Amino acid sequence: MSTANVGHTCAARLKCLAIAFYYISYLTVETFSLSLKERTKLKGLLEIVSSAAEFEHIPIRHHEDALLRRIYERLPVKLEAVDYNSPHFKTFLLLQAHFTRMNLPADLAIDQKSVLTRVSNLLSACVDVMSSNSYLNALGAMDLSQMCVQAVWDSDSALRQIPYFDSDVISRCQDAGVTTVYDIMELEDEQRNSLLKLDDKQM
Amino acid sequence: MACSSHIHSRARVARFVNAYPNMELEYTLDNAEDLTAGEPVTMAVTLTRDVDEGEDVEQIADAARYPGTKLVNWWLVVGDHASRALYGIKKVTVKESLKTKLSFTLPQGSHRLKLYLICDSYIGKPNLIVERDTRRLRDM
Chain Z
21 MSTANVGHTC AARLKCLAIA FYYISYLTVE TFSLSLKERT KLKGLLEIVS
71 SAAEFEHIPI RHHEDALLRR IYERLPVKLE AVDYNSPHFK TFLLLQAHFT
121 RMNLPADLAI DQKSVLTRVS NLLSACVDVM SSNSYLNALG AMDLSQMCVQ
171 AVWDSDSALR QIPYFDSDVI SRCQDAGVTT VYDIMELEDE QRNSLLKLDD
221 KQM
Chain P
3 MACSSHIHSR ARVARFVNAY PNMELEYTLD NAEDLTAGEP VTMAVTLTRD
53 VDEGEDVEQI ADAARYPGTK LVNWWLVVGD HASRALYGIK KVTVKESLKT
103 KLSFTLPQGS HRLKLYLICD SYIGKPNLIV ERDTRRLRDM
C-alpha cells in the first residue's frame, strides 16, 4: 500500500478522533480537511485556523471596524480580501496582535482571550488532519501552537519568552553572545543583572 | 539598598528559566540495517527531562500571556524533509522520563529520515531534530 492510501484510510477515522478528543465541530474538521494542503505555510495556517466554526461567536461591535482597521495596518501578515465585519477575519487579526503583544482596548482583549482559549485544540486538530495526509508541514501547526502559548512570532528570539525580556534586554543579550534560554541559565548573577539592568547601583 | 521589585523580577526570570524544559532524546530503530518497504518499522524512543536532583518537574507551561493553564505536550514526528512526507507521529506528555514506540511504514526508495521532537508550548532549544543516515529500503 502506498503512503497516500494509508493517509486516506486514516483520514476518516482521524476526523472522528479529532471531534471526540478536542471537542471541536464536525464542520471545522471538514473545513480543515478541505483547506490544509501539502504546502500550506504559516500564513495559510493562520487563515485556516481562524476560519473555524468555533470563532463564529466572536462579536463584531458597532463602529469597531475603524479600530480593527488601525490595528490591521500595524500587523505584518496581510490578506488579499479584508472584511472588518467577519468574526474570522477578526480572529486572524487578534492572533497576530497576540504574537506582536499589542496593547488592546478592554473589549478586544476579552475577545482575544476567548480566541486563545480555543486555539490550542484547533491547532492540534490541524496537526492530526495534516499528519493523516502524511503532510510534513504539520510542523507548521506545531510552530503556531508555540507562538500562541508564548505570544511570539516564529522568527523572534527565544529570549522573548522570558518575563521582562523586552527588545532592549534582548539586544543587549545578543551583543553579549547570549541567544538561548540555556545561556541565561549559565550566566553569573552579576552578568545576568547587568544584561537585565537589574543592578541595584543603577537604581 | 536592594529594590523589592528587582528581587521580584529576578525571581520571576529564574522561575521561567527553571521551568523551560531541557529534553534528552534517544532512539533505536528495529532492524535498522534491513528495512523493507511497506512493512511496519518500529522506533523505540526514550525522552528524559534534564532536571536537578530534588527539583520538581514542571508540566505546566510558564506562559504569562496565555489565558488559563497549558499542559506541555510534545510531538514526536518521523519525516523526510526533502520529500515533505510525514511517516509517523505521536503526541505525548513527559514527567521525568518516557519510553514510547513509534510505528510507521516507508515507501520504496532512499529516505533521509529525521526524528523531530516538537514542544507545543515553547520556541527554541526544547525542540530537537535528529537526522539519520540515508536508508535504502529493500523492495517488497
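Here the protein sequences line up with chains Z and P, keeping their order.
Each number in the working numbering comes from the position in the first sequence (counting from 1) with 20 added on.
Each number in the working numbering comes from the position in the second sequence (counting from 1) with 2 added on.
All residues carry an ideal CB built from backbone N, CA and C; glycine is no exception.
All values reported here derive from a predicted model rather than from experimental measurement.
Worksheet item: Should Glu-55 of chain P go down as buried or exposed, given a rule of 16 or more other Cβ atoms within 10 Å for buried?
Response: Position 53 of the second sequence, counted from the first residue, corresponds to residue 55 of chain P. When all chains shown are included, Glu-55 of chain P counts as exposed.
Worksheet item: When burial is assigned at 16 or more other CB atoms within 10 Å of the CB, is Ala-24 of chain Z buried or exposed?
Response: Working through the first sequence from its first residue, we reach residue 24 of chain Z at position 4. Confidence at Ala-24 of chain Z is low in this model, with a pLDDT of 44, below 50, so its placement is unreliable and the value that follows should be read with caution. Exposed.
Discussion item. For Glu-60 of chain P and His-83 of chain Z, I'd like the C-alpha separation in whole angstroms.
Written reply: As a first step, residue 60 of chain P is located in the second sequence; it is residue number 58 there, counting from the start. As a first step, residue 83 of chain Z is located in the first sequence; it is residue number 63 there, counting from the start. Cα to Cα, Glu-60 of chain P sits roughly 44 Å from His-83 of chain Z.
Discussion item. For Ile-131 of chain P and Asp-122 of chain P, what's the separation of their Cα atoms in angstroms?
Written reply: In the second sequence, counting from the first residue as 1, residue 131 of chain P sits at position 129. In the second sequence, counting from the first residue as 1, residue 122 of chain P sits at position 120. Going from the Cα of Ile-131 of chain P to the Cα of Asp-122 of chain P covers about 15 Å.
Fill in: Buried/exposed call for Gln-211 of chain Z, threshold 16 Cβ in 10 Å
Indexing the first sequence from 1 puts residue 211 of chain Z at position 191. That one is exposed.
Item to complete: If I'm right that Gln-116 of chain Z touches Ile-125 of chain P with Cβ under 8 Å, what's the distance once you round it to whole angstroms?
Response: Position 96 of the first sequence, counting from 1, holds the residue named residue 116 of chain Z. Position 123 of the second sequence, counting from 1, holds the residue named residue 125 of chain P. About 16 Å separates the two Cβ atoms, so there is no contact after all.
Item to complete: Decide if Pro-125 of chain Z is buried, meaning its Cβ has at least 16 other Cβ atoms within 10 Å, or exposed.
Response: One-based indexing of the first sequence puts residue 125 of chain Z at position 105. Exposed.
Item to complete: Could you tell me which uninterrupted beta strand (DSSP E) segments, each at least 3 residues in length, are contained entirely in the stretch 151-190 of chain Z, listed from first to last along the chain?
Response: Correct list: empty.
Worksheet item: Do you know offhand how far Leu-47 of chain Z's Cα is from Leu-88 of chain Z's?
Response: For this step, residue 47 of chain Z is matched to residue 27 along the first sequence. For this step, residue 88 of chain Z is matched to residue 68 along the first sequence. Their backbone Cα atoms lie some 27 Å apart in a straight line.
Fill in: Closer than 9 Å to chain P by CB, Lys-133 of chain Z
Start at 1 with the first residue of the first sequence, and residue 133 of chain Z comes out as number 113. Proximity of Lys-133 of chain Z to chain P, defined by a Cβ-Cβ separation below 9 Å, is satisfied.
Worksheet item: What is the DSSP secondary structure of His-113 of chain P, counted as helix, strand or coil?
Response: Taking the first residue of the second sequence as position 1, residue 113 of chain P is located at position 111. Strand, per DSSP.
Practice prompt. Check the DSSP bridge columns for Leu-143 of chain Z and list the partner residues they point to.
Written response: To locate residue 143 of chain Z, count along the first sequence from 1; it is residue 123. Answer is none; Leu-143 of chain Z lacks a bridge partner.
Item to complete: Flag Ser-214 of chain Z as yes if its beta-carbon sits less than 9 Å from any beta-carbon of chain P, otherwise no.
Response: For the purposes of this step, residue 214 of chain Z is taken as the residue at position 194 of the first sequence. Cβ-Cβ to chain P under 9 Å: no for Ser-214 of chain Z.
Worksheet item: Per DSSP, what kind of secondary structure is Met-205 of chain Z in: helix, strand or coil?
Response: Counting from one through the first sequence, the residue named residue 205 of chain Z turns up at place 185. Helix, per DSSP.
Discussion item. Relative to the C-alpha of Lys-97 of chain P, which candidate in P:Ala-87, P:Val-74, P:Glu-35, P:Glu-28 has its C-alpha closest?
Written reply: To locate residue 97 of chain P, count along the second sequence from 1; it is residue 95. The shortest CA-to-CA distance from Lys-97 of chain P to any of P:Ala-87, P:Val-74, P:Glu-35, P:Glu-28 is the one to P:Val-74.
Worksheet item: Skipping 5 residues on each side, what residues in its chain have a beta carbon closer than 7 Å to that of Val-172 of chain Z?
Response: Within the first sequence, the letter at position 152 stands for residue 172 of chain Z. If we look at Val-172 of chain Z and ignore the five residues flanking it on each side, its Cβ neighbours are Phe-119, Arg-180, Gln-181.
Worksheet item: If Ala-39 of chain P and Gln-110 of chain P are in contact, beta carbons under 8 Å, what's the gap, nearest whole angstrom?
Response: Counting from one through the second sequence, the residue named residue 39 of chain P turns up at place 37. Counting from one through the second sequence, the residue named residue 110 of chain P turns up at place 108. About 4 Å separates the two Cβ atoms, so the contact holds.
Worksheet item: Beta carbon of Arg-86 of chain P, beta carbon of Arg-94 of chain Z: below 9 Å?
Response: Here residue 86 of chain P refers to the residue found at position 84 when the second sequence is read from its first residue. Here residue 94 of chain Z refers to the residue found at position 74 when the first sequence is read from its first residue. Cβ atoms of Arg-86 of chain P and Arg-94 of chain Z: not closer than 9 Å.
Item to complete: For Val-102 of chain Z, count neighbouring C-beta atoms within 10 Å of its own C-beta (all shown protein chains included) and say buried if the count is 16 or more, exposed if not.
Response: By one-based count along the first sequence, residue 102 of chain Z stands at place 82. With fewer than 16 other Cβ atoms within 10 Å, it is exposed.
Item to complete: Could I get the ranges of all uninterrupted beta strand (DSSP E) runs contained in the stretch 44-114 of chain P, with 3 residues as the minimum, in chain order?
Response: 76-82, 87-94, 99-106
Worksheet entry | Identified DSSP bridge partners for Val-132 of chain P | Within the second sequence, the letter at position 130 stands for residue 132 of chain P. BP columns for Val-132 of chain P point to P:Leu-117.
Item to complete: Please name the residues in the stretch 104-124 of chain Z whose beta-carbon is closer than 9 Å to at least one beta-carbon of chain P, in chain order.
Response: His-118, Arg-121
Item to complete: Buried or exposed for Met-21 of chain Z, please, with buried defined as at least 16 other CB atoms from any protein chain shown within 10 angstroms of its CB.
Response: Here the question's residue 21 of chain Z lines up with position 1 in the first sequence. Note that Met-21 of chain Z scores a pLDDT of 39, beneath 50, so its modelled location is shaky and nothing firm can be said.
Worksheet item: Name the chain Z residues that come within less than 9 Å of Ala-63 of chain P, Cβ to Cβ?
Response: One-based indexing of the second sequence puts residue 63 of chain P at position 61. Chain Z residues near Ala-63 of chain P: Val-169, Gln-170.
Practice prompt. Could you check what DSSP says for Leu-27 of chain P in three-state terms: helix, strand or coil?
Written response: Counting from one through the second sequence, the residue named residue 27 of chain P turns up at place 25. In this structure, Leu-27 of chain P counts as strand in the three-state DSSP scheme.
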